[in-house]
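Line by line, the protein sequences give chains A and B. This note's numbering numbers the first residue of the first sequence as 1 and each following residue consecutively. This note's numbering numbers the first residue of the second sequence as 1 and each following residue consecutively. These notes are about the structure you will find just below.
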Amino acid sequence: MSGPAPKERRRADCSGPPGRPFWTGRRREALAGYLFVAPQLIGSAVFVLLPLILVFWYSLHEWNVLAGSFEFTGTDNYDQLLNDPSLPGVLTATAVFSVGLVLLNLSLALWLALMLNRRLAGTTFFRTVFFSPVVVSLVAWTIVWRFLLQENGGVNGLLDVFGMTGPNWLRGEFTAMLSVIVVQVFKNVGLNMVLFLAALQGVPRELYEAATMDGAGRWTRFVRITVPMISPTILLTSIITVVGSLQVFAQIDVLTSGGPGTSTTVLVYYLYQQAFQFHHFGYGATLSVLLFAIVFVLTFVQWQLRKKWVFHEQ
Amino acid sequence: MVYGTLALLSVPFLFPTWWMVTASLKPANEIFAFPPSLLPDSPRLDAYQRVFEVQPFAAQYLNSMYIALVVTLGTLAVSSLAGYAFARIRFPGQNALFLVVLIGLLIPSEVTIVPLFQMFNEWGMIDTHWPLILVPILGAPSVLATLIMRQFFIAIPRELEEAARLDGLGQFAVYRRIAMPLARPALGAVAIFTFLHSWNLYLEPIVFLSTPDKFTLPQALTHFVDAYGGPMWDVQLAAASMTALPVLVFFIVMQRQFVEGLAHTGLKG
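Take a look at the structure:
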């Protein structure tokens, strides 16, 4: 409706009979709709979209918080990004962490779900056991593991019982990364396990029975029936886990502080250091843009792959 | 055979919690006994007392509790309203607006932490709890909640609503009296997700808060250090136990609703 139309015109415009009130059922409904979504929409605008635009804007500036300077420098920060001697190491650590976490987490979750999907007594108990770390406070969980992984901690104590001498887990480059991954897998694998269990319960038993009659072995049934039938859940859990793995921060901060050296300095940790410890906000924003680009590309790729391998029931 | 495997696998899931609680009852020198003992020789609560002496732990506990509760209630309100509208009400531009909201799912909060810090700085809200309350309720974290609520409301049979509309109820009354009572499983799942998310928040508190009185629990846990910066293990583990145990006990009591709630969030794919 353009321009200040007289009231009579407007009424005529909304295709009702003449004399019908302005607040028709449909308009009332639309107004209710806008009011209902207003808090979420305003919130998204102020706390998601605006910061997203600002992060690109800041990345074009040299911004020293301590000196109070803020000046436009064009793509200087991006040049710095390309020449940052730390960046290859940071990206490698990020990739190693993500790949390791996703592979371990998804395969363990699926294996646990398969074991607990049988009709055995005590499965509820074990589900509770494997799920319980999900609800334990993350930092509390990580602090305990930091203690257990010390040179004279519980893990090496256990190895000692079997006559083995364990390394100082959090101080070796390889073992530190391994520790961070494994601690995180134990913390969250229960969540994926529950999602897999829910999906497995939706697979019709007749399919397995028919396949068994046709002489299909365990592995064949798993690859030909289970995996295709639960592929939407595999996609969902992998997206959640991949994006989650890029966000890991507290575990790194508590377990290793990014060390030894920079072997466990993942992108978010590096971003935090640059922005909030070294007060390079402009460069921090540039690293945020990089993080956003990585998340965006990965999610997009996974979503495209969906068409290739996710099985859709007709 | 299966039980053996499962029992062995349970160790890394159960032992840390077990160890956290038992070690917090041991005197400092016994914590480092090698090999570690499974039960304390003479359990004592010393460390639990010192938790409150080293830091304003009671205030920090209260901070985490009230922030998580406010965030949970706020998120339930915001996400159920928006989820209901996107599922059941028709209005022009609906799909476009839904896509705008969904962008929040794509953006990890870490990406926006620098501009958010600057925005709250401009508003004079640094070292207050406002960022920890406003962003989760209105920003990206509540988008997942809205999505879950929408999936749930889509599945409600239309007849129920139509009957109510014929009885003369307005949109808000239908939402409040018909849809919300039906949505209890979804609301439960969202409440659990949201509470745990707020309870575990770590990066945001350490970025936004600097006064120990205002700290939240995860942030406070890492501050139990002695004069030389070394961790006070027994005290830290006692504090960690007090942080982890209430939620864990609540979970064990509510176990069925909990896991089923998570499994039936419409996330089944």
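Ideal placement from N, C-alpha and C gives every residue a C-beta, glycine not left out.
Three-state secondary structure (DSSP) at K268(B)?
-> Residue placement at K268(B) cannot be trusted, given a pLDDT of 39 that sits under 50; what the coordinates show is reported in the next sentence. In the structure shown, K268(B) sits in coil (DSSP, three-state: anything other than H, G, I, E or B).
Just curious, the alpha helix (DSSP H) that N64(A) is in, first and last residue?
-> Following the DSSP letters along the chain, one finds N64(A) in no alpha helix (DSSP H) but inside the beta strand (DSSP E) bounded by residues H61 to N64.
Reference P51(A); option with closest CA among V21(B), M180(B) and V111(B) | Nearest option by C-alpha distance: V111(B).
What number of angstroms, rounded off, separates the C-alpha of L170(A) from the C-alpha of G153(A)?
-> Going from the Cα of L170(A) to the Cα of G153(A) covers about 11 Å.
Under 7 Å from the C-beta of L120(A): neighbouring residues of chain B = Those are V2, listed as they occur along chain B.
What do you reckon, are the CB atoms on Q274(A) and Y283(A) nearer than 8 Å?
-> Judged by their CB atoms, Q274(A) and Y283(A) are nearer to each other than the 8 Å cut-off.
Taking the alpha-carbon positions, what's the G74(A) to I206(B) distance?
-> Taking the Cα positions, G74(A) is about 30 Å away from I206(B).
6 Å Cβ shell around V185(A) - same chain, five flanking residues per side excluded | The residues are L104 and N105.
Tell me the DSSP bridge mates of V225(B)?
-> According to DSSP, which records beta bridges pairwise, V225(B) is partnered with P231(B).
For V180(A), I'd like the list of residues in its chain whose CB is within less than 8 Å of its CB, leaving aside the five on either flank, ordered along the chain.
-> Only F97, V248, Q251, I252, L255, T256 and T264 meet the Cβ criterion.
With DSSP run on the structure shown, which of helix, strand or coil describes L257(A)?
-> Here residue 257(A) is Ser; the residue named in the question, Leu, does not match the sequence. In the structure shown, S257(A) adopts coil according to DSSP, grouped into three states.
Starting from F70(A), follow the alpha helix (DSSP H) in both directions and report where the run begins and ends.
-> Taken as a continuous stretch (DSSP letters only), F70(A) belongs to no alpha helix (DSSP H), being part of the beta strand (DSSP E) at S69 to F72.
Rounded Cβ spacing between I107(B) and V48(A) (contact assumed at less than 8 Å) = Sure, about 6 Å apart at Cβ, within 8 Å.
Return the Cβ separation of Q60(B) and I143(A) in integer angstroms, given the expectation that the two are a contact with Cβ distance under 8 Å.
-> Contact annotation, Q60(B) with I143(A): C-beta distance approximately 15 Å; criterion of less than 8 Å not satisfied.
Continuous alpha helix (DSSP H) stretch holding Y48(B): start and end | Secondary structure note for Y48(B): its alpha helix (DSSP H) is the uninterrupted segment D46 to V54.
In chain order, what residues of the same chain have a beta carbon less than 7 Å from the beta carbon of S142(B), not counting five sequence neighbours either side?
-> If we look at S142(B) and ignore the five residues flanking it on each side, its Cβ neighbours are T75, V78, S79 and P136.
Please name the residue or residues paired with H280(A) in a DSSP beta bridge.
-> Residue pairing by DSSP puts H280(A) in a beta bridge opposite N64(A).
So L187(B) is in the alpha helix (DSSP H); what residue range does that whole segment cover?
-> Run containing L187(B): R184 to N200, per the alpha helix (DSSP H) assignment.
Taking Cβ positions only, does N152(A) come closer than 8 Å to chain B?
-> Closer than 8 Å: yes.
Determine, using beta-carbon pairs with one atom in the region 112-122 of chain B and one in the region 294-305 of chain A, whether at least three such pairs fall under 8 Å.
-> For the pair of segments examined, the region 112-122 of chain B was found not to touch the region 294-305 of chain A: the number of CB pairs separated by less than 8 Å stays below three.
Can you list, in chain order, the residues of its chain whose CB lies under 7 Å from that of Q80(A), leaving out five sequence neighbours each side?
-> Shown here for Q80(A): same chain residues with a beta carbon closer than 7 Å to its own, the five before and five after excluded, namely Y283 in chain order.
Measure the alpha-carbon distance for K308(A) versus A95(A) and round it to whole angstroms.
-> Rounded to whole angstroms, K308(A) to A95(A) spans 24 Å at the Cα level.
Report yes or no: is there a C-beta of chain B within less than 8 Å of the C-beta of W303(A)?
-> So no, W303(A) is outside the interface.
Which residues, in chain order, does the region 162-179 of chain A contribute to contact with chain B at a C-beta distance below 7 Å?
-> Those residues of the region 162-179 of chain A that come within reach of chain B (Cβ to Cβ, closer than 7 Å) do not exist; the list is empty.
Hey, does Q273(A) have any beta-carbon neighbour from chain B nearer than 8 Å?
-> Judged by the 8 Å Cβ criterion, Q273(A) is not in contact with chain B.
Just curious, the alpha helix (DSSP H) that V129(A) is in, first and last residue?
-> Annotation for V129(A): the continuous alpha helix (DSSP H) segment containing it runs T123 to V135.
When the Cα atoms are used, what is the spatial distance from G89(A) to N77(A)?
-> Per the coordinates, the alpha-carbon of G89(A) lies some 18 Å from the alpha-carbon of N77(A).
Residues near H279(A) in its chain [Cβ-Cβ closer than 7 Å; skip 5 each side] | Cβ neighbours of H279(A) beyond the five flanking positions: N64, V65 and L66.
Answer yes or no: do A199(A) and I230(A) have a C-beta to C-beta separation smaller than 8 Å?
-> Going by beta carbons, A199(A) and I230(A) fall inside the 8 Å limit.
Confirm the yes/no value for this check: CB of Q151(B), any heavy atom of the ligand ZN, distance under 7 Å.
-> Questions concerning the ligand ZN fall outside what the structure shown contains, since it holds no ligand whatsoever.
If you measure from the beta carbon of F172(B) to each beta carbon in chain A, is any gap under 8 Å?
-> Cβ-Cβ to chain A under 8 Å: yes for F172(B).
Give the residues of chain A in contact with Q200(B), contact being defined as C-beta atoms less than 8 Å apart.
-> Reading off the sequence shown, one finds Asn at residue 200(B), where the question assumed Gln. In chain order: S137, L138, V139 and A250.
Since I believe I225(A) is in contact with Y208(A) (beta carbons under 8 Å), could you give me their beta-carbon distance rounded to a whole number of angstroms?
-> Separation of the CB atoms of Y208(A) and I225(A) is rounded to 6 Å, and the pair is thereby assigned contact status at 8 Å.
Just checking, does the region 66-74 of chain B make contact with the region 118-136 of chain B on the three C-beta pairs under 8 Å criterion?
-> Contact between the region 66-74 of chain B and the region 118-136 of chain B is present, because at least three Cβ pairs lie under 8 Å.
Closest by C-alpha distance to A140(A), when choosing among V2(B), M242(B) and I31(B) = Nearest of V2(B), M242(B) and I31(B) to A140(A), Cα basis: M242(B).
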